[in-house]
Amino acid sequence: MNDARKILDRMLSSGIKADLLVLFHKNPGLVDVADGVARRIGRTADTIEADLKDLVDLGILRMEQVGKLEVFLLDHAKDREVQSVIADHIKSLSPSKGV
Amino acid sequence: MTRVNTGIVELDKILNGGFMRGDTAMIAGGAGTGKTTFALQYLVNGIAEFGERGLYVTFEQLPDQIYRDAESFGWDLRKMENENKLMVMCTSPDVLLEPAGKDILGRFIDQIRPSRVVMDSLSHIAMFVPERELRREAYRLLMYLKTKRVTTIATYESSQTGAMSLSATETGLSFLVDCVILLRFVEIESSLRKALVITKMRGSGHDKRLREFEITSQGIKVAEPFTQYEGILTGAPRRSMAEAFTDAFKKQRRS
Amino acid sequence: MAYLLSALLVSASVYLIFVQESLYVVFDSSVYLPFHAAVEIFTILVAVAVAYVSLKGYRRDGSRTILLLGSAFLVQAALDTIHNMAYPGMPLLLVRSGTNEAIYLWLFARISGSFLLLASPVLPEKEMSPEARDKVLLYTLAAVALLSVGSVYTVNQLLDKLPLMFIPGKGLTMLKVGLEFLVTIVLGITGLLYLKSYLSSGNRTILMFTIGVSLFIFAEVGFMLYRHAYDIHNTLGHIFKLAAFIAFLLGLILVR
Chain A
10 MNDARKILDR
20 MLSSGIKADL
30 LVLFHKNPGL
40 VDVADGVARR
50 IGRTADTIEA
60 DLKDLVDLGI
70 LRMEQVGKLE
80 VFLLDHAKDR
90 EVQSVIADHI
100 KSLSPSKGV
Chain B
943 MTRVNTGIVE
953 LDKILNGGFM
963 RGDTAMIAGG
973 AGTGKTTFAL
983 QYLVNGIAEF
993 GERGLYVTFE
1003 QLPDQIYRDA
1013 ESFGWDLRKM
1023 ENENKLMVMC
1033 TSPDVLLEPA
1043 GKDILGRFID
1053 QIRPSRVVMD
1063 SLSHIAMFVP
1073 ERELRREAYR
1083 LLMYLKTKRV
1093 TTIATYESSQ
1103 TGAMSLSATE
1113 TGLSFLVDCV
1123 ILLRFVEIES
1133 SLRKALVITK
1143 MRGSGHDKRL
1153 REFEITSQGI
1163 KVAEPFTQYE
1173 GILTGAPRRS
1183 MAEAFTDAFK
1193 KQRRS
Chain C
158 MAYLLSALLV
168 SASVYLIFVQ
178 ESLYVVFDSS
188 VYLPFHAAVE
198 IFTILVAVAV
208 AYVSLKGYRR
218 DGSRTILLLG
228 SAFLVQAALD
238 TIHNMAYPGM
248 PLLLVRSGTN
258 EAIYLWLFAR
268 ISGSFLLLAS
278 PVLPEKEMSP
288 EARDKVLLYT
298 LAAVALLSVG
308 SVYTVNQLLD
318 KLPLMFIPGK
328 GLTMLKVGLE
338 FLVTIVLGIT
348 GLLYLKSYLS
358 SGNRTILMFT
368 IGVSLFIFAE
378 VGFMLYRHAY
388 DIHNTLGHIF
398 KLAAFIAFLL
408 GLILVR
């Protein structure tokens, strides 16, 4: 449960991360460079770089080297895993089970 | 040579049965002429009517927006994706222009194994490539798709000046494709209507007449040729003499 | 409206002047025949043009109104062609020539043409299905051909059994004048219907057709008055016929 808490805290530590998560979940076929991703949430590449890398560390996003470019895409399998962990954590917080 | 039906009945007639399998067609037109709708309907009909899977590659519009736009026609793209019949890939042109970027595209193609691909739109590549290299890079990309034996529709946003030109692109990209469908707005009796014409189709005959089409709640409907009008290509057509003469006396009957 | 009123005023004035006996003249055949042939050929060509545009419009639209209008002009074009060939002084070409011969053919053209023209705005509108249109067009062409052949046959073979329309030295018979008067009435009703339509629509083509029909009525006046095939009244009649078809032609040109 602590892991789930840590994951949640890291995932939602900034508004940009939230925007990125919404973007990739709503658009699971998105495969783009940082600049492209940034444009799609109305920002620039340098403002989202750190958050992007954090989501990569979390495993929700994957980074691939495409020639000179780094592209980011949703890691569907890992994302499902993280969602499952969070879902279990939320279930465990339900009043009937107590805190 | 087998044909790939678009599922838009009148359009398939104009194309003499549909696109030639493995070909690349370009749908060129200004903003709002219905290029994306045509392309979407091509994929959706392929899935629903012919059991052919599709891949939609979009550069500018987010998949979320495409899902929402498709819903207005009753097309549930998310459901099709969940059933592995469709994939919507969103990327930047510079990713696909990288040699390794095509491998990512290839991976998507291997995953979904589509028979039909849409690239929306080819004009975005121009933003990432110097003009002198545009044709070469576009050629490379389109030829890559040909090696995957898919039938592709590439949209192209072209400007529409006052007089309707038959040139699909300002950059010569129409030379790279096998079929060109031009979409245009025309003004008829103070209202904007849409016209389409096939200007090129390699290896096949096709109907060369300008036709009206409209975007209905079920998608694109292609109507009869504009035989009652002349000068459609000027952008401001006028009725043919026979049509105007008939109307004068028919109105007489209603008065 | 000013054009219509001017046409009516000028036409009336012309008749008031030329109806006087002091201005009565009979032209020489060497002058009259070419004049007559030229007028008829011009009006036939205009009639063909109107018929073509109408029937083309019918083919696309299926409107009974426009079919009847086109048929009216087509039948006049066909029968006026034969009338021209039958005019007194013309050589034998398909049909016998002579005053009575020419009058009968003229009347066939005017009666059939004027009634079809009246039927066009009067009969209820009906749209033919696309499949039926070509068939109907074929029947129309066949009917015009049949009428033409029938007219030629009548003039060539049956004229001696038919009542006279013109008596040399005396002029037109009452039957002829009565039939022309009937045509005038029919044209008059058509003209009024076109005028009503023009007043509500402001359509220039309808205006020109209203003027054309009005001028044709004046032409008919001439064709009720003449005493010789080459006289001033017949000449005026044909001049007004020419003016009428110029109006129809303008109606076609101004349609867009």
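These protein sequences, in sequence, are chains A, B and C. Position 97 (the first sequence) corresponds to 106 in our numbering; numbering is contiguous. Position 199 (the second sequence) corresponds to 1141 in our numbering; numbering is contiguous. Position 101 (the third sequence) corresponds to 258 in our numbering; numbering is contiguous. Note that CB positions come from ideal geometry on N, CA and C, so glycine has one too.
Near residue i, what residues of its chain come up, given a Cβ to Cβ distance below 8 Å and the 5 sequence neighbours on each side ignored?
i	result
Ser271/C	Ala229, Val340, Val343, Leu344 and Thr347
Ser254/C	Met242, Ala243, Tyr244, Pro245, Gly246, Met247 and Pro248
Within the 7 Å Cβ cut-off, does residue i reach chain B?
i	result
Lys213/C	yes
Gly45/A	yes
Val210/C	yes
Val370/C	no
Ile342/C	no
Thr362/C	yes
Val412/C	yes
Ile223/C	yes
Lys35/A	yes
If I'm right that residue i touches residue j with Cβ under 8 Å, what's the distance once you round it to whole angstroms?
i	j	result
Phe961/B	Cys1121/B	6 Å
Lys26/A	Asp55/A	Rounded, the Cβ-Cβ distance is 16 Å, inconsistent with contact.
Thr1033/B	Asp97/A	Their Cβ separation, rounded to whole angstroms, is 33 Å, which puts Thr1033/B and Asp97/A out of contact at 8 Å.
Phe1155/B	Leu1138/B	5 Å
Leu78/A	Val1060/B	Actually they are not in contact, since the Cβ atoms of Leu78/A and Val1060/B sit about 23 Å apart, beyond 8 Å.
Phe980/B	Pro1035/B	The pair is not a contact, with the Cβ atoms about 21 Å apart (cut-off 8 Å).
Ala404/C	Gly369/C	4 Å
Lys1088/B	Thr966/B	7 Å
Gly972/B	Ser1101/B	6 Å
Quick check: is the beta carbon of residue i nearer than 7 Å to any beta carbon in chain A?
i	result
Val1059/B	no
Met1022/B	no
Met1069/B	no
Ala1105/B	Since pLDDT at Ala1105/B reaches only 49, below the 50 mark, its modelled position is unreliable, and no value is offered.
Ala1042/B	yes
Met1029/B	yes
Using a 10 Å radius around the Cβ and a threshold of 16 neighbouring Cβ atoms, would you call residue i buried or exposed?
i	result
Ala86/A	exposed
Ile396/C	buried
Gln983/B	buried
Thr975/B	buried
Val188/C	exposed
Tyr261/C	buried
Tyr310/C	exposed
Ile69/A	buried
Lys1027/B	buried
Asn257/C	buried
Ser1116/B	buried
Asn1024/B	exposed
Tyr387/C	buried
Glu1099/B	buried
Asp1006/B	buried
Ser305/C	buried
In chain D, which residues lie less than 7 Å from residue i when you measure between Cβ atoms?
i	result
Ser220/C	In summary, chain D is missing from the structure at hand, where the protein chains are A, B and C.
Verify the CB distance criterion: does residue i have a CB-CB separation below 7 Å to chain C?
i	result
Ala1200/B	Lying before the first or after the last residue shown, residue 1200/B is absent from chain B, which here runs from 943 to 1197.
Arg1153/B	no
Arg1135/B	no
Lys955/B	no
Arg1180/B	yes
For residue i, which residues in chain A fall below 7 Å Cβ to Cβ?
i	result
Asp965/B	Residues of chain A passing the Cβ test: none, with the nearest at roughly 24 Å.
Val1037/B	Val40, Asp41, Val42, Val75, Leu78 and Val80
Ser1167/B	Residue identity differs from the one stated: residue 1167/B is Pro in this sequence, not Ser. Result: empty, since nearest Cβ-Cβ is about 38 Å, beyond 7 Å.
Note down, in chain order, each residue of its chain lying with its Cβ closer than 6 Å to the Cβ of residue i, except the 5 sequence neighbours on either side.
i	result
Ser354/C	Ile363
Arg1058/B	Leu985, Gly988, Glu994, Gly996 and Thr1093
Arg945/B	Gly959 and Gly960
Arg1082/B	none
Glu337/C	Glu377, Phe380 and Met381
Taking residue i as the query, report the chain B residues whose CB atoms sit under 8 Å from its CB, ordered along the chain.
i	result
Asn391/C	Ordered by position in chain B, no residue passes the 8 Å Cβ test against Asn391/C, which lies about 32 Å from the chain.
Leu409/C	Met1183 and Phe1187
Leu226/C	Phe1191
Arg217/C	Thr1169, Gln1170, Ala1184, Glu1185 and Thr1188
Residues of chain A with CB closer than 9 Å to the CB of residue i, please, in chain order.
i	result
Ala1096/B	Residues of chain A passing the Cβ test: none, with the nearest at roughly 18 Å.
Asp1046/B	Correcting the residue type first, residue 1046/B is Ile in the shown sequence and not Asp. Near Ile1046/B (Cβ distances below 9 Å), the residues of chain A are Val40, Glu73, Val75, Val80 and Leu82.
Just to make sure I have the definition right: I need the residues of chain B whose C-beta is within less than 9 Å of the C-beta of residue i. Which are they?
i	result
Arg49/A	Leu1004 and Cys1032
For residue i, I'd like the list of residues in its chain whose CB is within less than 7 Å of its CB, leaving aside the five on either flank, ordered along the chain.
i	result
Ile95/A	Ala13, Ile16 and Leu17
Phe930/B	Not covered by the structure: residue 930/B. The range shown for chain B is 943 to 1197.
Asn313/C	Val252 and Arg253
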